[in-house]
Amino acid sequence: MDHMGGSTDGSTAQLPPRARSTTSGDLAMSLVVLTAALMKADGKVTQRELDHVRRFFMQQFGAQQAGELLILLRDALKQEIPVHEVCAQVRHNMPHPVRLQLLHYLIGLAHADGEVHRSEIGLLRTVAHELGISEKDLGSLSAMFRTADPGAAYAVLEIERTATDEEVKKAYRRMAMKYHPDKVAQLGEEVQKAANEKFKKVQEAYEAIQKERGMK
């Protein structure tokens, strides 16, 4: 996390005054600032990371706003990122489902270049803690990106491989309810889109366990 510090001009990226309430503008600015922090964490910015960010911004916000956010990101990458202050604002102004979306996106960004650096893992843990997200939730969200890991499906559902079939079914129902897009319908289309991605990961995890166990 030492790489996150110092910029050449000593300036600090801040959320603008307009981004103080739970709005899509608030979510977008939080994404930009925390994206910059994570991209700087391992001391280098890769093309794969930039492509991941561009694709996500396009999907979530449309071409025009994505272009504006990428310009803001370019500026933020030159500045010192006040992670604690930004996370405090996010935690105060955003409901838990939106904070989960934000962390899910950041974990995906960490995986974008094919290698998750130790400093990125440390920063993700810090951000999760600062956002009031539990270790269990962090583990579940992280497992959604470990598709080659046989145990990842269980981690997504927040259970052990030793769980009974009935416990697997209960866990699936609980997680499906937690990440159902309808739960965040009032928070805007972009949040719903991100929720739908996680909901699909939960379904895929359950189907993988069903197939492995021969469950019906």
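So in numbering that gives the first Met the number 0 the end of the sequence shown lands on 215, straight run, no missing numbers. A virtual CB, placed ideally from N, CA and C, is assigned to each residue, including glycine. Source: prediction; values computed, not measured.
Next on the checklist: Give me the residue from Leu68, Leu130, Tyr153 and Ala109 with the minimum Cα distance to proline 96.
Outcome noted: Leu130
Item to check | Three-state secondary structure assigned by DSSP to glutamate 114 | outcome: coil
Item to check | Inter-residue Cα distance where the pair is leucine 216 and histidine 51 | outcome: One cannot answer for residue 216 here, as it falls past the ends of the chain, which runs 0 to 215.
Next on the checklist: With a threshold of 8 Å, are at least 3 pairs of Cβ atoms found where one atom belongs to the stretch 75-93 and the other to the stretch 25-34?
Outcome noted: yes
Checklist entry - If we ignore side chains and look at the alpha-carbon of each, how far apart do leucine 76 and leucine 68 end up? => result Note on geometry: alpha-carbon atoms of leucine 76 and leucine 68 lie some 12 Å from one another.
Item to check | Segment limits, alpha helix (DSSP H) that includes glutamine 78 | outcome: Where glutamine 78 is concerned, there is no enclosing alpha helix (DSSP H), given that its DSSP letter is neither H nor E.
Item to check | CB of leucine 105 within 8 Å of CB of leucine 37, strictly | outcome: Taking 8 Å as the Cβ cut-off, leucine 105 and leucine 37 qualify as a contacting pair.
Checklist entry - If we ignore side chains and look at the alpha-carbon of each, how far apart do threonine 125 and histidine 110 end up? => result 17 Å
Checklist entry - Rounded to whole angstroms, how far is the Cβ of glutamine 190 from the Cβ of glutamine 100, which I believe are closer than 8 Å? => result What sits at residue 190 in the sequence shown is valine, not glutamine. At roughly 6 Å, the Cβ-Cβ gap stays under 8 Å, so valine 190 and glutamine 100 are in contact.
Item to check | Option in Arg212, Ala193 and Leu72 with minimal Cα separation from threonine 161 | outcome: Arg212
Checklist entry - Which of helix, strand or coil does DSSP assign to alanine 162? => result coil
Checklist entry - Tell me which same chain residues have a C-beta within less than 6 Å of the C-beta of alanine 204, skipping the five on either side of it? => result Around alanine 204: Ala152, Val155 and Leu156.
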